[in-house]
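>
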Amino acid sequence: MDKADYNLECHELNVLGTNGRVFRLKVADITQLYGSRAFIASLFLFASLIALNDQFLFDQKVALPWRLAYWNSNALLAAAIWLSFFALTLRFGCWLKRDVVVPSAILILATVTVLMFINYAGGIFLFNRIDLLGRPIVWEILRYTLIALVFETMSATFLVPRVLGRAESDDTDASGPIGDTAMAGQSRSETGEAGGGSAGREISHNGRVIDLRRLLYMRSVEHYVELVSQEGTEMIRASLRELANGCPPGAGIRSHRSYWVQRDAIVGLNRAEGGQFLVLRDGTEIPVARNRRGAVGDWLNDHVGKKRPGR
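Taking the working numbering, the leading residue of the sequence shown gets 535, the next gets one more, and so forth.
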């Protein structure tokens, strides 16, 4: 992916999980994950297990309620620090204009390092433990990094796919060659030759009828597709390519490998930092892949009446 292509999605960062899978995430995705009951419950459960296992804080035996409060507070603080490092790494990637893959283990190590220094500083000032200044902190960092990696592996394997459905796209890379089948489907969708060319604005998938008029856009998320409307977001197990190829003529366009946009949701086409975006009526901006700009511009002129900017 070159610099121009990366400008389309510099609000996203590739994170390599400890389970070996790459997740393409935004800050909004992380906050959505943090707000889920499954994540909150698992975070507090994990912190509580640490509190139950370790009766000492700074070499002093502490009652269980205080240990629970201490470790659960640390869990929340660690989540906030991790999000901060994620956002900083994301901005750094935007500045470099490179689509980099950041191992989650590095973000975790940085998070635990900062957290341990905060804890030691608190121990020194709150408990008057001046002796902590001479204690090696590296072993504590490594110990809790390993513990955090266990939690991250569980989250990447079970929580992230369940809450976000997020991982590598099931489609071919937008900057690389598109296979004959994908190109044929894209051409049919864009030129109005898709299967099911009835006058209606509905498609059927696994016996279920999807009313396209209620959608803003569809987004590919691994083996699932997000159906985004004004009412909310729903996820179904499907291929975006399959759904897009089955849409009626002129119902929408696949502007990017991961997006199909409904025609009536589009209000304009904007250029920003070398990239192009479809602007939807709710203010959402959908990226237009560089190798699809011409087709998208022509389609907009034919079906929406929006003039494309000069390329």
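Where is the CB? At the ideal position from N, CA and C, for every residue including glycine.
1. Going by the beta-carbon positions, is the gap between T687 and T552 smaller than 9 Å?
2. Is F811 helix, strand or coil by DSSP?
3. Where does the unbroken alpha helix (DSSP H) through N608 begin, and where does it stop?
4. Please report the distance separating the alpha-carbon of F651 from that of R571.
5. For the structure I just gave you, are there three or more beta carbon pairs, one from the region 804-818 and one from the region 769-778, closer than 8 Å?
6. If you run the structure through DSSP and keep just helix, strand and coil, what is K765?
7. Taking S754 as part of the beta strand (DSSP E), name the residues at either end of that continuous run.
8. Let's see if you can read the secondary structure: which residues bound the alpha helix (DSSP H) around Q566?
9. Since A585 and R601 are thought to touch, with beta carbons under 8 Å apart, how far apart are those beta carbons, to the nearest angstrom?
10. Any idea what DSSP makes of A585, helix, strand or coil?
11. Short check: CB of V672 to CB of V549, under 9 Å?
12. Quick one: what does DSSP say P738 is sitting in, helix, strand or coil?
13. Give me the Cα-Cα distance between V830 and D745, rounded to the nearest whole angstrom.
14. Would P670 be called buried (16 or more neighbouring beta carbons within 10 Å of its own) or exposed?
15. V646 and Y678: beta carbons closer than 9 Å?
16. Pick from R826, L591, L617 and D798: whose alpha carbon is nearest that of I658?
Concretely, from the data shown:
1. yes
2. strand
3. L598 to L630
4. 29 Å
5. no
6. The identity of residue 765 in the sequence shown is Glu, whereas the question assumes Lys. Note: E765 maps to coil in three-state DSSP.
7. L749 to V755
8. V561 to G569
9. 4 Å
10. helix
11. no
12. Checking the displayed sequence, the identity of residue 738 turns out to be Ser instead of Pro. Here S738 sits in strand by DSSP.
13. 23 Å
14. exposed
15. yes
16. L591
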